[in-house]
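Following: one structure in structure tokens, then a few remarks.
Residue numbers (the UniProt record's numbering): 1 to 577.
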């Protein structure tokens with residue numbers, strides 16, 4: 001029976017028999033002889049850690065002693081020293097190469113060497129084989145867009161271990177963990193450090209070492225620079241988030257606008273109902289929107305990336321100048337189109353028509369707005385101008401932007417003025433558009449029936465078309481509006497003494513305003529202009545009693561206070577004759 005001995009390998013204790021220990025020791029000696037002095041101790045340390053991991057896997061929980069079988073398997077996995085010379089391109093031991101395939105799978109670690117914060121995204125990038133930049137952008141969008149990014153990042157930071165050893169760094173990238181790769185990885189680290197030291201200005205270091213005060217100042221300067229860099233990264237993060245989301249919105253909106261004319265059930269006629277309301281094709285409006293707003297946002301995305309990751313590759317001067325030229329062209333085109341559109345609205349046109357109403361001063365004038373049974377059922381029954389179809393499937397512009405104004409006249413007979421307005425590039429065009437507005441009303445008996453809408457042809461476009469009705473009534477005439485009139489009434493309520501309620505009320509016309517004849521009492525209005533008629537102050541025993549009487553044409557109020565505390569407040573309303 002072979003003797004066993006205890007060894008410390010990579011921080012772990014193992015029991016190993018003498019033959020296995022002798023073979024393992026010879027293996028380590030051969031490895032040491034094959035390595036150069038640069039970084040040899042670090043390489044041996046990493047090899048020991050890797051062999052310890054393999055021993056733990058092979059022994060498991062049932063076997064306690066490392067034997068020759070386990071040592072042979074380790075050597076087969078790690079390879080013989082002579083098989084892994086740095087200058088050789090291919091390993092000589094075919095068995096070692098084929099065996100390593102089983103250990104060539106990736107493991108998930110955090111990559112602190114290429115980290116911006118915790119190395120989570122760098123590690124995920126190695127694991128999934130993607131650029132960590134895209135993973136960072138997704139995480140930033142999740143953080144600001146849904147609020148889950150920071151929680152997810154912290155969980156991953158806690159759960160994913162950091163790749164600290166050379167073996168772990170090789171596993172993270174999916175490279176075989178053998179002597180060749182361990183030696184290469186360690187030497188790469190030493191070369192990086194060597195390059196950094198070789199680039200130092202030794203004379204400057206010696207000079208700074210002699211000047212303690214300058215060293216303190218340099219340290220303070222480094223701290224300030226670091227703070228500014230951190231602040232710049234925060235600013236870059238906000239710029240990146242805002243500009244990325246905005247750019248995506250502009251792209252989506254532009255695509256929808258460019259292809260909206262091909263979508264079903266959408267009312268876009270002659271480009272009069274688009275966001276710009278311009279007389280240019282829809283696809284051209286979409287491109288102008290994309291280039292004018294999207295290109296600056298795209299450059300802001302690049303600025304945000306550059307602030308976050310200073311070594312971000314440039315898109316190249318050719319791409320920059322091309323985008324700049326497109327943007328200048330788009331701004332110029334949009335300016336021309338905008339000036340042209342502003343010219344379309346530069347002049348106001350007006351057409352009015354006056355009709356006398358066959359009523360006497362003592363008559364009662366009833367007013368009512370009527371709607372179209374066809375158009376009122378449409379889902380586009382709004383105040384703004386809308387493109388609709390009439391009963392004959394003819395495209396037409398519809399609007400119920402109709403206003404009524406109540407006016408006093410010193411004439412003996414009431415009359416109505418219908419005023420139609422529109423805009424155009426000159427007075428002639430504006431007046432013609434106003435004339436093309438179709439609006440109707442009629443007078444039956446003593447009732448004035450007003451359409452609550454107007455129509456115009458699509459060729460007239462959306463050019464601020466409106467209809468205003470001015471109803472002039474003499475003093476003493478009774479005005480009886482329908483309940484729906486209040487929706488179209490324009491002006492100050494104080495001029496009308498208008499009462500809004502579930503039913504219409506009658507008003508008498510005076511020179512100054514309309515006075516309601518049958519409106520219910522309004523306590524808020526009745527409290528106005530109260531006049532103090534009587535004040536009494538008596539003392540009975542040790543009680544002081546104050547009585548105040550106030551009144552106006554509508555009410556009389558009596559208030560009684562005892563020792564300054566109000567105990568009675570009565571109101572008597574006078575009846576109207």
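Built from N, CA and C at the ideal position, the CB exists for glycine as well.
Run of the beta strand (DSSP E) containing residue 163, from where it starts to where it stops: Working through the chain shown from its first residue, we reach residue 163 at position 163. From DSSP, residue 163 is part of no beta strand (DSSP E); its letter is neither H nor E.
What does DSSP give as the partner residue(s) for residue 388 in the beta ladder? The sequence position of residue 388 within the chain shown is 388, counting from 1. The partner list for residue 388 (beta bridge, DSSP) reads 396.
For residue 423, count neighbouring Cβ atoms within 10 angstroms of its own Cβ and tell me buried if that reaches 16, exposed if not. Mapped onto the chain shown, residue 423 falls at position 423. By the neighbour-count criterion, in which a residue is buried when 16 or more other Cβ atoms sit within 10 angstroms of its Cβ, residue 423 is buried.
Which value, in whole angstroms, describes the spacing of the CA atoms of residue 336 and residue 481? Counting from 1 along the chain shown, the entry for residue 336 is found at position 336. Counting from 1 along the chain shown, the entry for residue 481 is found at position 481. Their backbone Cα atoms lie some 49 Å apart in a straight line.
Mind reading off the beta-carbon distance from residue 559 to residue 476? Whole number of angstroms is fine, and I expect it under 8 Å. Mapped onto the chain shown, residue 559 falls at position 559. Mapped onto the chain shown, residue 476 falls at position 476. Residue 476 and residue 559 do not touch by the CB rule: their CB atoms are close to 39 Å apart, not below 8 Å.
When every heavy atom of the ligand NAP is checked, does at least one fall within less than 8 Å of the C-beta of residue 24? With respect to the ligand NAP, the structure shown offers nothing to examine, as it has no ligands at all.
Which one or two residues does DSSP pair with residue 469 in a beta bridge? As a position in the chain shown, residue 469 is number 469, starting the count at 1. In DSSP, residue 469 forms a bridge with 404, 418.
Between 47, 13, 15, which has its C-alpha nearest residue 27's C-alpha? Locating residue 27 in the chain shown gives position 27, where the first residue counts as 1. Cα-wise, what sits closest to residue 27 is 47.
May I ask you to list the residues that DSSP assigns as paired with residue 423? Counting from one through the chain shown, the residue named residue 423 turns up at place 423. Per DSSP, 348.
Nearest-angstrom Cα distance between residue 10 and residue 42? For the purposes of this step, residue 10 is identified with residue 10 of the chain shown, where counting begins at 1. For the purposes of this step, residue 42 is identified with residue 42 of the chain shown, where counting begins at 1. Roughly 12 Å between the two C-alpha positions.
Three or more beta-carbon pairs under 8 Å between the stretch 462-473 and the stretch 401-412, yes or no? Between the stretch 462-473 and the stretch 401-412, the count of C-beta pairs closer than 8 Å reaches three or more; the two stretches touch.
So, under 8 Å CB-CB, residue 421 and residue 348 are touching, yes? Tell me the CB distance rounded to an integer number of Å. Position 421 of the chain shown, counting from 1, holds the residue named residue 421. Position 348 of the chain shown, counting from 1, holds the residue named residue 348. Their Cβ separation, rounded to whole angstroms, is 6 Å, which keeps residue 421 and residue 348 in contact under 8 Å.
Assigned secondary structure, residue 68 (DSSP; H/G/I helix, E/B strand, else coil): Counted from its first residue, the chain shown places residue 68 at position 68. Residue 68: helix per DSSP, three-state reduction.
Check whether the Cβ atoms of residue 289 and residue 232 lie closer than 9 Å to each other. Counting from one through the chain shown, the residue named residue 289 turns up at place 289. Counting from one through the chain shown, the residue named residue 232 turns up at place 232. The answer is no: Cβ separation not under 9 Å.
In the DSSP output, which residue or residues are listed as bridge partners for residue 480? What you label residue 480 is simply residue 480 of the chain shown in a count that begins at 1. The beta-bridge partner set that DSSP reports for residue 480 consists of 366.
When DSSP labels each residue in this structure, what does residue 447 get in the three-state scheme? For the purposes of this step, residue 447 is taken as residue 447 along the chain shown, with counting starting at 1. DSSP places residue 447 in strand when its eight states are reduced to three.
What does the alpha-carbon distance come out to for the pair residue 426 and residue 397? For the purposes of this step, residue 426 is identified with residue 426 of the chain shown, where counting begins at 1. For the purposes of this step, residue 397 is identified with residue 397 of the chain shown, where counting begins at 1. Each residue's CA atom was taken as its position, placing residue 426 and residue 397 some 22 Å apart.
Distance between beta carbons of residue 418 and residue 474, contact taken as under 8 Å: As a working note, residue 474 is residue 474 in the chain shown. As a working note, residue 418 is residue 418 in the chain shown. Residue 474 to residue 418, Cβ: 19 Å. No contact.
Once DSSP output is grouped into helix, strand and coil, what is the label at residue 410? Position 410 of the chain shown, counted from the first residue, corresponds to residue 410. Correct three-state label for residue 410: coil.
Does the distance from the C-beta atom of residue 578 to that of residue 120 stay below 9 Å? There is simply no residue 578 to check, as the chain begins at 1 and stops at 577 in what is shown.
For the pair the stretch 287-305 and the stretch 235-254, tell me if three or more CB-CB distances fall below 8 Å. yes
Per DSSP, what kind of secondary structure is residue 437 in: helix, strand or coil? Numbered from its first residue, the chain shown carries residue 437 at position 437. Residue 437 falls in the coil class under three-state DSSP.
From this set, 174, 117, 23, which residue's C-alpha is nearest residue 73's C-alpha? Indexing the chain shown from 1 puts residue 73 at position 73. Minimum Cα distance to residue 73 is reached at 23.
Assuming residue 478 and residue 364 make a contact with CB atoms under 8 Å, what is their CB distance in whole Å? Counted from its first residue, the chain shown places residue 478 at position 478. Counted from its first residue, the chain shown places residue 364 at position 364. Going by Cβ atoms, the distance from residue 478 to residue 364 rounds to 4 Å, so yes, they are a contact pair.
Is the CB-CB distance between residue 406 and residue 517 below 9 Å? Numbered from 1 along the chain shown, position 406 holds the residue referred to as residue 406. Numbered from 1 along the chain shown, position 517 holds the residue referred to as residue 517. No, Cβ-Cβ distance for residue 406 and residue 517 is not below 9 Å.
Could you compute how far the alpha carbon of residue 76 sits from the alpha carbon of residue 116? For the purposes of this step, residue 76 is taken as the residue at position 76 of the chain shown. For the purposes of this step, residue 116 is taken as the residue at position 116 of the chain shown. Near 38 Å, if we compare the C-alpha coordinates of residue 116 and residue 76.
Quick one, which of 226, 389, 176, 505 has its alpha-carbon nearest residue 78's? By one-based count along the chain shown, residue 78 stands at place 78. Comparing Cα-Cα distances from residue 78 to each of 226, 389, 176, 505, the minimum goes to 176.
Counted within 10 angstroms of its Cβ, other Cβ atoms place residue 126 as buried (16 or more) or exposed: Within the chain shown, the letter at position 126 stands for residue 126. With 16 or more Cβ atoms within 10 Å of its Cβ, residue 126 is classed as buried.
Residue 123 and residue 153: beta carbons closer than 9 Å? What you label residue 123 is simply residue 123 of the chain shown in a count that begins at 1. What you label residue 153 is simply residue 153 of the chain shown in a count that begins at 1. Not in contact: residue 123 and residue 153 (Cβ atoms no closer than 9 Å).
Please determine, among 70, 169, 71, the residue with the shortest C-alpha to C-alpha distance to residue 109. For the purposes of this step, residue 109 is identified with residue 109 of the chain shown, where counting begins at 1. Among 70, 169, 71, the Cα nearest to that of residue 109 belongs to 169.
Spatial neighbours of residue 327 within its chain, please: CB distance less than 8 Å, with the 5 preceding and 5 following residues excluded, ordered by chain position. Reading the chain shown from its first residue, position 327 is the one you call residue 327. So the list reads 291, 292, 295, 296, once near-sequence residues are dropped.
Closest residue to residue 160 among 324, 111, 350 (Cα-Cα distance): Within the chain shown, residue 160 is the residue found at index 160, counting from 1. When only C-alpha atoms are compared, the closest one is 111.
Please go through the same chain and pick out, in chain order, the residues whose beta-carbon is closer than 7 Å to the beta-carbon of residue 303, but skip the five residues on each side of it. Here the question's residue 303 lines up with position 303 in the chain shown. Residues of the same chain with a CB within less than 7 Å of the CB of residue 303, apart from the 5 flanking positions on each side, are 239 in chain order.
Do residue 442 and residue 449 count as a contact pair if the criterion is CB distance below 9 Å? For the purposes of this step, residue 449 is identified with residue 449 of the chain shown, where counting begins at 1. For the purposes of this step, residue 442 is identified with residue 442 of the chain shown, where counting begins at 1. In contact: residue 449 and residue 442 (Cβ atoms closer than 9 Å).
From residue 345 to residue 370, what distance separates their C-alpha atoms? For the purposes of this step, residue 345 is taken as residue 345 along the chain shown, with counting starting at 1. For the purposes of this step, residue 370 is taken as residue 370 along the chain shown, with counting starting at 1. In a straight line, the C-alpha of residue 345 is about 31 Å away from that of residue 370.
Where residue 584 falls: helix, strand or coil (DSSP): Residue 584 cannot be examined here, being either before or after the span of the chain that is shown, 1 to 577.
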